[in-house]
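Chains as they are written, first to last, in our numbering: chain A, 1 to 462; chain B, 463 to 936. Just below is one structure, and these are the notes that go with it.
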């Protein structure tokens, strides 16, 4: 079992290299069902074509994937991977900053460690990209998250400052001083301060929303380098006297207010979900993504009507908090059936180290579909929920998350059905580059394959 | 107390005279003429007795399924007969079916013993996880063998019902937390919804003692500038406590054997005495290989036995020692890295332990994980096979029922499908090692307590009544 395919792709992105992965069961990650005997063609680190009847280009390096499954790499829909080595070792944990004076201005990008063990371990589990969020500590605003790849190189961050993350339920209530009412005031005040700052500094307010943002995309630039935005931080920017936010935090919320940066909002309770959606009435340019959303199925129609995408926990089914009373593993299936765009994320659930469990979570939603009275996902929908759906939720579905032509060639060859418990990744490509799958865990495993010492202590065995 | 003292004095005198043939009717006096020999008054070892009663079941024949008997056996197109709350027969398709049996067609489905979770905090840390419900750690001192997990169990924890319906869990051990070196007594429960914890207590199951090594106790107390603040401090406090327990046991053993003054009573030392007497099983939270080796020596030093190391993230490094000492390891499939002592976790831990001939158990320690123990086993099993450890599915099922039953001291009663054992049975809607499979029906002592096709066989806790999602599939 588990014989690795003979694939010898060059370790560097070889511009001219064309690879065809043939005869495998190919799943595109777009919600469609898997295609037996499919082919995936990759060139220049991008997908050229995938599906049945795809011709193998002349001169392509052919990988025979007979008996294997081929899918887009798994996308961790909500994670904190790369920010932590050992959770309980504070010096290695960059998720939150309880003693920082800053909140919204925090930017996880420089904290992402491409050599975190979790990156290598989850890469071996077939995870190729991740949405990485900070956590709150002293404000409802956690700061700005990034989209990263899990490649074995030092360039993990694909898009810095992809979104702002805000806690808008029980956690936010705690951070805001103790009540939801206070949290709402804090939120509105923060956006008011951002609006004042942009007004005084001459930055035009948004209103064009996503379309304008795409046409004039400044999202990859640090605030200091955005043309015009520098004035937000300049010495001559007047601010009213009654401000709560530091200037840097207020400035960081300007792109949120203007719809140039996504706002990921963690909500669980149905009432909080509706409150979050209604923010768009007050701040029309906001581009929201809801995160968590345990009770989403009870207000699925409203979420669907808003068009706001959701990154939800897949298997929450306990009233772990009073904001999750209605939780059920049918939540995602019911929301999707109602027309909500739903991805799976790991919200406060081993999200720094175990995003590889996304596959198991998705598979469970297929199991749920077989239970009387429950609503789950089809196999294709389940894979979509951990590939293209999170990419689209974060506004990057054109870039990665599926095997559609032009997407980045994040491709995994599996030794079986990728949603199954027994299945493992055999080949992982990120941007077309074959990735190493060994890590601390595989080395420990190999060292202790037999427990006893040999001629020398274990320390000499590697 | 005064009356007890008098009786003790009397008992001492009686023991000294030791005249046989006296009746209980005679007044107990120190008179030299008719001193009766009565056993010294002692304390109850079961003051909160189980009031569990099996719910009614019907004579049932489950036919045509793939049966794992829980002890490594596998029968295709098997027949399992449940009668009077017991497994009556397990066999192939030609097994006679008693007249009047309700037949359940399990063609294409699987039939296994109910899952047993040896490590749960359901009821002690129930949902909702609010501060008012935080009842699992008496973190007011490192030595608390006096607390009993059952005195914290909230039977209305919705987690029990999820473990039943999604997890196929029929028996579980509730343990105190790991803040303390001696965390207190654990209790084995049947996973049956109840008004009181006594109604859930597994009749006749031995008690457990939760112990913990490693980071947690030294962190909790070290941060308060108390002992233990180090791993060596952990062991020092353990040893001092065991030495006290040995003395306590000597005093009470002597008193119960010879009479005399009743020794003073210490509720915590009662538990440790029970361990030293072999009545109470040690369930030891421990991650690191080197620490498990120390604990096994400490157990020899004081004359007790560790039933199982729990979490045992590094069990694979000392699987040979575990086998040699006859100690089980209860493990997760793939948890790692949440703290320093979990840094070296590997997904092959369980199969490596099994492969060394030691007793491997899948455990949850988690209200979500308990719903997917069979999936955790499947992941570990597959990881083992990828490195050439080819354990058949039906053998791996031992990790989920028979081995935990052994480590809990209840393997004669449940944990496998053998005639005469409790009819704790799950019928799965497919191969239970597939992610696409869920329990279809669950029987506990022959009573059908979950049926995925019948919403009236879906338990709803008091807490969930009148709440959004009441009675929903979960």
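Glycine residues also receive a C-beta, built at the ideal position from the N, C-alpha and C atoms. Just so it is clear, the structure is predicted and the values come from calculations on it, not from any experiment.
At a cut-off of 9 Å between beta-carbon atoms, residue 644 of chain B makes no contact with chain A.
Residues of the stretch 906-925 of chain B whose Cβ lies closer than 8 Å to any Cβ of chain A, in chain order: 914, 915, 917 and 925. Excluding its 5 nearest sequence neighbours in each direction, residue 78 of chain A has C-beta neighbours in its own chain below 7 Å: 131, 133, 291, 311, 345, 346, 347 and 351, listed in chain order. Under the 9 Å criterion on CB atoms, residue 818 of chain B is classed as interfacial with respect to chain A.
Contact annotation: in the stretch 562-592 of chain B, residues whose CB is within less than 8 Å of a CB in chain A are 589, 590, 591 and 592. Residue environment: residue 758 of chain B is assigned as buried (16 or more neighbouring CB atoms within 10 Å of its CB, all protein chains considered). Taking all protein chains shown into account, residue 658 of chain B has fewer than 16 neighbouring C-beta atoms within 10 Å of its C-beta and is therefore exposed. Ranked by how close their Cα comes to the Cα of residue 861 of chain B, the residues B:823, B:685, B:879 and B:831 have B:823 in first place.
Proximity of residue 238 of chain A to chain B, defined by a Cβ-Cβ separation below 9 Å, is not satisfied. Assignment of alpha helix (DSSP H) within the stretch 583-650 of chain B, counting only whole runs of 4 or more residues, yields 620-627 in chain order. Ranked by how close their Cα comes to the Cα of residue 663 of chain B, the residues B:873, B:879, B:840 and B:508 have B:508 in first place. By the neighbour-count criterion, in which 16 or more other beta carbons inside 10 Å mark a residue as buried, residue 594 of chain B falls on the exposed side.
The bridge partners DSSP lists for residue 572 of chain B are B:528 and B:890.
By the Cβ neighbour-count rule, residue 244 of chain A is exposed, with fewer than 16 other Cβ atoms within 10 Å of its own. Sequence-distant Cβ neighbours of residue 695 of chain B in its own chain, meaning closer than 7 Å and more than five residues away, are 680 and 689.
The closest CA to that of residue 905 of chain B, considering only B:512, B:785 and B:519, is found on B:519. By the neighbour-count criterion, in which a residue is buried when 16 or more other Cβ atoms sit within 10 angstroms of its Cβ, residue 22 of chain A is buried.
Of the candidates A:253, A:389 and A:318, the residue whose Cα lies closest to the Cα of residue 926 of chain B is A:318.
For residue 516 of chain B, there is no enclosing alpha helix (DSSP H), as DSSP marks it with neither H nor E.
Take residue 86 of chain A, set aside five residues on each side of it, and the residues of its chain with a beta-carbon closer than 7 Å to its own are 92, in chain order. One alpha carbon belongs to residue 138 of chain A, the other to residue 266 of chain A, and they sit about 16 Å apart. Every unbroken stretch of the alpha helix (DSSP H) spanning 4 or more residues and falling wholly within the stretch 67-147 of chain A is given here in chain order: 117-124. Its chain contains 447 as the residues whose beta carbon lies nearer than 6 Å to that of residue 461 of chain A, once the 5 sequence neighbours on both sides are disregarded; these appear in chain order.
By the neighbour-count criterion, in which a residue is buried when 16 or more other Cβ atoms sit within 10 angstroms of its Cβ, residue 456 of chain A is exposed.
Close to residue 810 of chain B, with beta-carbon spacing below 8 Å, are these residues of chain A in chain order: 445. Looking only at A:409, A:349, A:449 and A:407, the smallest Cα-Cα distance to residue 782 of chain B is reached by A:449. About 18 Å separates the beta carbon of residue 622 of chain B from that of residue 665 of chain B, a gap too long to meet the 8 Å contact definition. Annotated as distal: residue 620 of chain B and residue 888 of chain B, with beta-carbon spacing of 9 Å or more.
Going by beta carbons, residue 384 of chain A and residue 31 of chain A fall inside the 9 Å limit. Excluding its 5 nearest sequence neighbours in each direction, residue 372 of chain A has no C-beta neighbour in its own chain below 8 Å.
By the CB criterion at 9 Å, residue 517 of chain B and residue 909 of chain B fall inside the cutoff.
Under the 10 Å beta carbon count, residue 796 of chain B is surrounded by 16 or more other beta carbons and is classified as buried.
Under DSSP, the beta-bridge partners assigned to residue 167 of chain A are A:266. Contact between the stretch 758-775 of chain B and the stretch 698-713 of chain B is established, with three or more Cβ pairs separated by less than 8 Å. In the three-state reduction of the DSSP assignment, residue 816 of chain B falls in the helix class. Judged by DSSP in its simplified three-state form, residue 745 of chain B adopts strand.
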